[in-house]
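Asker: Before anything else, here's the structure in question.
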Amino acid sequence: MVGALSDLKIVELGEMISAPYCAKLFADLGADVIKIEEPRVGDRSRTRGPFPDDEAHPEKSGLFLYLNTNKRGVTLDVASLQGFGIFEKLIADADVLVHNLAPPEMDRIGLNFDRLQRINPALIMTSIAPYGLSGPYRNYRSEDLTLWCAGGVCVLNGGGPEHPELPPLKTFGHQAGYQGGVHAATATIAAVLARTAGEAGQHVEVSIQESIASQLEMTFEYWPYAKMIASRHGQKPVHPVGMMRCKDGYIYLCCIFEHHWRSFVEIMGNPDWADEEIFADGPRRAQNWDALKVFLEPWVSQQSVIDLYRKAQERRVPFAPVSTMADLLNSEHLQAREFFVEIAQPVAGTHKYPGAPVKFSQTPWKIRIPAPTLGQHNAEIFGGSLGMSSARIKELTHKGVI
Amino acid sequence: MAKLPLAGIRVADFSWVWAGPYCTLQLAYLGAEVIRLESSTRPCVTRMLPPWPDGKPGSLNRSGYFNQYNQGKKSLSLNFNRPEAKEVAWRLIKSSDIVVNNFAASVMDNLGFGYDAIRAAKPDIIMISLLGYGDTGPYREYLALGPTQVPNSGLSALTGYDGWPPMHAGFSYPDPNAGIHGAFAVMAALHYRAKTGEGQFIDMSQWECTMDLLAEGILDYTMNGREPRRIGNRDPQMSPHGIFKCLDLPEKIANVTIDQWVAIACADDDEWRRFAHAIGRHQLADDARFATLASRKRNEDALEAIITEWTSQRRVTDVVDALQAAGVAAGACADNKYLHDDPNLAAGKYWVELEHPEVGVKRHCGIPWRMSATPCEVKTPAPLLGQHTDELMTGLLGYTAAEVEDLRKKGALD
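Here the protein sequences line up with chains A and B, keeping their order.
Plus 1309 on top of the position in the first sequence (first one is 1) and you've got my numbering.
Plus 53 on top of the position in the second sequence (first one is 1) and you've got my numbering.
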């Protein structure tokens, strides 16, 4: 069986998260992805770690190794005249170019669709930009933190009504980059389908800010519909919903519907206090949450997470553990589904990584090769595919072009 | 004129709430005909959730939540307690390319719409189930809601203020994340079908799909046997890197004071020095306490206090303007009103403002990409419940007007 996208050739000019994650989604379904990195320096994610034994090393960064599976890697200074010429040869027969060079950087090196389309009229060029390719913020400096905030989600998380003094809280990792990447992958595969159906190659432009703003649940609409500002400071409409400490970790209580609460009371052994009028329904339990906590916390603190989780689920109550990394790696369910995959990379060694986002019945998601070492495929691609002599490769390497 | 990428593709959309509708929203944006199978006896939860104009539900068609995530789709209202309704659904499935659902596990099987039955009726169908735990494994039947898969995925253990308990993400992040990955997966399967004629089943676990965003945390454990420490808004390789208080909005809104915050990140020593000059504290640029990343990390509390002293006396827009002019990564921690008024979003073609029969013209979030050859556009607002029932029944599904009348009398059309 082959991957669903095994006939596609993709060139990635990507750094950190968004373009590399976009290209990884294609690569893991079989596409041939050539990743271009800056000579000597490489993708910034090579500096991010985590590193085995905390030893920083460009070939051992967990983030890089995860994001660049199934890709072949070359080094090329596309900002140089000669480098851009080689870049043009690489994209001459590619289906897709995906990049996340910021717009000012695109201007500087002259990367634009018109120019590339002359070389490859069928090319799909996907540009992932922090704030889009036009508009007043086009040239803004950004990091993942500022984009997560710009899209309007970060303000929703934080100390809650009890701690209004605390700042909005960033969600772990590089979520803005991931969302830019997966939204770009969606638009890009659509452009591939359009081309198969007879439409032209095209320029696909993805805004990370807009990708995040698209995920605001009902909170954005509170302004146009009700002239209200959605805030982390608000009280929850029903309770108990949220994390609570058990004897061996935390559990997420989730009594959205009344039958969830009744089942939870049953699990607790039907204590008398649960009959109090002030706890009679979800809204009243929310109003009287301080009082309810006084009864709940001592009981929950004596439970083990997994026992309470199972007891709740047996009664169709959607509690969940606040999983630690160990919980995830040891989960019988995730093991049965073979979610984590072991990947051996010659320098970094063998480690377990998160695996397939979905399972296809006919076309497997598969790790064929680990992430490339810096310039690993220079000879194979510049020499083999592009037919450059080894003397020429040596000369360009010496000049710092590759 | 160019056809949209999914022109001619039909989606039988059994999904509800958020994950599935976010998946099919993308397909609608891209030109697919998305037909939501709905029911007035068991309406989509989001039809009953706020916000509503004037704060009152009024009907099942006035929720901003539903109207946001169902733009460009059609609504066919059926009552699956009636066998005739299932026959209608079968006609739709047989004329569809894609079936999407995000019910709890086994619900589709119990309705008679499991993958095997659907494939038997339409061999090249592409079906995706976006489940909390996935379609196999010992927890297959476990219940999940959007908010529960945040802590379950490990995201909460990794997110939080330094020294505090685990925190949530503030929204049901696994839902849209599953939806968008699902949309990509469905189109990958369409690409494969175009080459081979074969359909397939796509098994999505929202739990797993969320873990794909957490590799840094998971790998710290698999490489070093360590549970990563929660570090709030800070970053091991950038300083300053945080969210800082600005002046409150000058006017209260709905009698509430609205706090405003700015995110600031300096990726290297140069950016830090630009920052120091931009806030007029030129001596800080040469201050040994802050000269290198290592020294800034050592003195980060003091550094953040200095920044807060500056930001807290200023409006967020002034802070952003000053810092961006100096080439420093800064941006407002936008709330929904801020987004609504954001000049960058206004300059693009992002917002959708269409006339809706029950709520009028309201601004909705739109398509986060532009395509030069096949420009996507939202052409119709979210459907009223059952808005397209008659049109689909007598058109696509081939019933006569008399048959439709009969089915309605029998209660099959809900």
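Every residue gets a Cβ at the ideal spot worked out from N, C-alpha and C, and that includes glycine.
Going along chain B in order, which residues have a C-beta closer than 7 Å to the C-beta of T1455(A)?
Answerer: Along the first sequence, read from residue 1 onward, the residue named residue 1455(A) stands at position 146. Those within 7 Å of T1455(A) in chain B are A316, A318, A382, A383 and G384.
Asker: Taking the DSSP output, what are the residues bridged to F254(B)?
Answerer: Along the second sequence, read from residue 1 onward, the residue named residue 254(B) stands at position 201. DSSP lists M180(B) as partners of F254(B).
Asker: Quick check on T361(B) - is its C-beta less than 7 Å from some C-beta in chain A?
Answerer: Within the second sequence, numbered from 1, the residue matching residue 361(B) stands at position 308. Chain A, which has no Cβ nearer than 7 Å to the Cβ of T361(B), makes this no.
Asker: If I measure Cβ to Cβ from K463(B) and keep anything under 8 Å in the same chain, skipping five residues before and after, which residues do I get?
Answerer: Taking the first residue of the second sequence as position 1, residue 463(B) is located at position 410. These residues qualify, in order along the chain: R135 and E137.
Asker: Does the distance from the C-beta atom of A1629(A) to that of P204(B) stay below 7 Å?
Answerer: For this step, residue 1629(A) is matched to residue 320 along the first sequence. For this step, residue 204(B) is matched to residue 151 along the second sequence. Yes. Within cutoff.
Asker: Measuring only the C-alpha atoms, how far is V369(B) from I1400(A)?
Answerer: By one-based count along the second sequence, residue 369(B) stands at place 316. By one-based count along the first sequence, residue 1400(A) stands at place 91. Those two C-alpha atoms are separated by around 43 Å.
Asker: Once DSSP output is grouped into helix, strand and coil, what is the label at W69(B)?
Answerer: Taking the second sequence and counting its residues from 1, the one referred to as residue 69(B) is at position 16. Residue state, collapsed to three classes: coil.
Asker: Using a Cβ distance threshold of 8 Å, determine whether the stretch 261-270 of chain B contacts the stretch 1520-1530 of chain A, with at least three qualifying pairs required.
Answerer: No contact exists between the stretch 261-270 of chain B and the stretch 1520-1530 of chain A.
Asker: Which term fits P396(B), buried or exposed, when burial requires 16 or more other beta carbons within 10 angstroms of its beta carbon?
Answerer: Along the second sequence, read from residue 1 onward, the residue named residue 396(B) stands at position 343. Answer is exposed; the Cβ neighbour count stays below 16.
Asker: Quick check on A383(B): does DSSP put it in helix, strand or coil?
Answerer: Your numbering for residue 383(B) matches position 330 in the second sequence. Here A383(B) sits in strand by DSSP.
Asker: Under a CB-based cut-off of 7 Å, is G73(B) close to chain A?
Answerer: Indexing the second sequence from 1 puts residue 73(B) at position 20. No, G73(B) does not count as interfacial toward chain A.
Asker: Distance check for T212(B) and A358(B), CA to CA, integer angstroms please.
Answerer: Position 305 of the second sequence, counted from the start, is the residue given in the question as residue 358(B). Position 159 of the second sequence, counted from the start, is the residue given in the question as residue 212(B). Between A358(B) and T212(B), the C-alpha separation is close to 22 Å.
Asker: Would you list the residues sitting across from W314(B) in a DSSP beta bridge?
Answerer: The residue you call residue 314(B) lines up with position 261 of the second sequence. In the DSSP output, where bridge partners are listed per residue, W314(B) has K298(B).
Asker: Within this structure, are the beta carbons of A1583(A) and N1377(A) separated by less than 7 Å?
Answerer: Within the first sequence, the letter at position 274 stands for residue 1583(A). Within the first sequence, the letter at position 68 stands for residue 1377(A). No, they are not a contact pair.
Asker: Can you give me the start and stop residues for the beta strand (DSSP E) that W422(B) sits inside?
Answerer: As a first step, residue 422(B) must be located in the second sequence, where it is residue number 369. Here the beta strand (DSSP E) through W422(B) covers W422 to M424.
Asker: For the structure I just gave you, are there three or more beta carbon pairs, one from the stretch 360-380 of chain B and one from the stretch 1426-1443 of chain A, closer than 8 Å?
Answerer: No, the stretch 360-380 of chain B is not in contact with the stretch 1426-1443 of chain A.
Asker: Since E280(B) meets chain A, which of its residues come closer than 8 Å, beta carbon to beta carbon?
Answerer: Taking the second sequence and counting its residues from 1, one reaches residue 280(B) at position 227. Within 8 Å Cβ-Cβ: T1633, M1634 and A1635.
Asker: Just the Cα atoms here: how many angstroms apart are A468(B) and Q1511(A)?
Answerer: Examination of residue 468(B) is not possible in this model, given that chain B is present from 54 through 467 alone.
Asker: In chain order, what residues of the same chain have a beta carbon less than 7 Å from the beta carbon of V1556(A), not counting five sequence neighbours either side?
Answerer: Position 247 of the first sequence, counted from the start, is the residue given in the question as residue 1556(A). The residue you asked about is not Val; residue 1556(A) is Lys in the sequence shown. Cβ within range, chain order: S1610, Q1611, Q1612 and S1613.
Asker: Check the DSSP bridge columns for E1321(A) and list the partner residues they point to.
Answerer: Residue numbering aside, residue 1321(A) sits at position 12 when the first sequence is read from its first letter. Partner(s): K1344(A) and V1407(A).
Asker: What is the DSSP secondary structure of Q124(B), reduced to helix, strand or coil?
Answerer: Residue mapping note: residue 124(B) aligns to position 71 of the second sequence, counting from 1. Correct three-state label for Q124(B): coil.
Asker: Per DSSP, D288(B) forms a beta bridge with which residues?
Answerer: In the second sequence, residue 288(B) corresponds to position 235, counting from 1. Its beta-bridge partners are M291(B).
Asker: Write down every uninterrupted run of the beta strand (DSSP E) in the stretch 1449-1495 of chain A whose length is 3 residues or greater and which is fully enclosed by it, in chain order.
Answerer: Whole beta strand (DSSP E) segments, 3+ residues: zero.
Asker: Any idea what DSSP makes of G1382(A), helix, strand or coil?
Answerer: The residue you call residue 1382(A) lines up with position 73 of the first sequence. Strand.
Asker: Kindly list, in the order they appear in chain B, the residues whose Cβ is closer than 8 Å to that of H1492(A).
Answerer: Translated into positions along the first sequence, residue 1492(A) becomes position 183. The answer, in chain order, is I233, P421 and W422.
Asker: Do you know offhand how far R416(B)'s Cα is from I1678(A)'s?
Answerer: Residue mapping note: residue 416(B) aligns to position 363 of the second sequence, counting from 1. Residue mapping note: residue 1678(A) aligns to position 369 of the first sequence, counting from 1. C-alpha separation (whole angstroms): 46 Å.
Asker: List the endpoints of the continuous alpha helix (DSSP H) containing I1521(A).
Answerer: Within the first sequence, the letter at position 212 stands for residue 1521(A). Its alpha helix (DSSP H) spans residues I1517 to A1522.
Asker: For the alpha helix (DSSP H) that contains L460(B), what are its first and last residues?
Answerer: Walking along the second sequence from the start, residue 460(B) turns up at place 407. Taken as a continuous stretch (DSSP letters only), the alpha helix (DSSP H) holding L460(B) covers A454 to K462.
Asker: Given this structure, state the Cα-to-Cα distance separating N1462(A) from F224(B), to the nearest angstrom.
Answerer: Here the question's residue 1462(A) lines up with position 153 in the first sequence. Here the question's residue 224(B) lines up with position 171 in the second sequence. What sits at residue 1462(A) in the sequence shown is Val, not Asn. Those two C-alpha atoms are separated by around 8 Å.
Asker: Determine which residues of the stretch 1321-1348 of chain A have a Cβ less than 8 Å from any Cβ of chain B, and write them out in chain order.
Answerer: Cβ contacts with chain B come from L1334 and L1338.
Asker: Does the CB of S149(B) have a neighbour CB from chain A at under 7 Å?
Answerer: The count along the second sequence starts at 1 and reaches residue 149(B) at position 96. No - not a single Cβ of chain A is within 7 Å of the one on S149(B).
Asker: What in chain A is Cβ-close to Y274(B), meaning under 7 Å?
Answerer: Position 221 of the second sequence holds residue 274(B). Those within 7 Å of Y274(B) in chain A are M1634, A1635 and L1638.
Asker: What are the residues of the stretch 85-115 of chain B that lie near chain A, defined by any Cβ-Cβ distance shorter than 7 Å?
Answerer: So the close ones are L102, P103, P104, W105, P106 and G108.
Asker: Measuring CA to CA, which of H1569(A), M1537(A), A1539(A) and I1538(A) is closest to V1547(A)?
Answerer: What you label residue 1547(A) is simply residue 238 of the first sequence in a count that begins at 1. Answer by Cα proximity: H1569(A).
Asker: Please confirm whether L1406(A) and V1501(A) have their CB atoms less than 7 Å apart.
Answerer: As a first step, residue 1406(A) is located in the first sequence; it is residue number 97 there, counting from the start. As a first step, residue 1501(A) is located in the first sequence; it is residue number 192 there, counting from the start. Not closer than 7 Å, so no.
Asker: Measuring CB to CB, does I1711(A) end up less than 7 Å from L1478(A)?
Answerer: Here residue 1711(A) refers to the residue found at position 402 when the first sequence is read from its first residue. Here residue 1478(A) refers to the residue found at position 169 when the first sequence is read from its first residue. It is not a contact, given that the beta carbons lie outside the stated cut-off.
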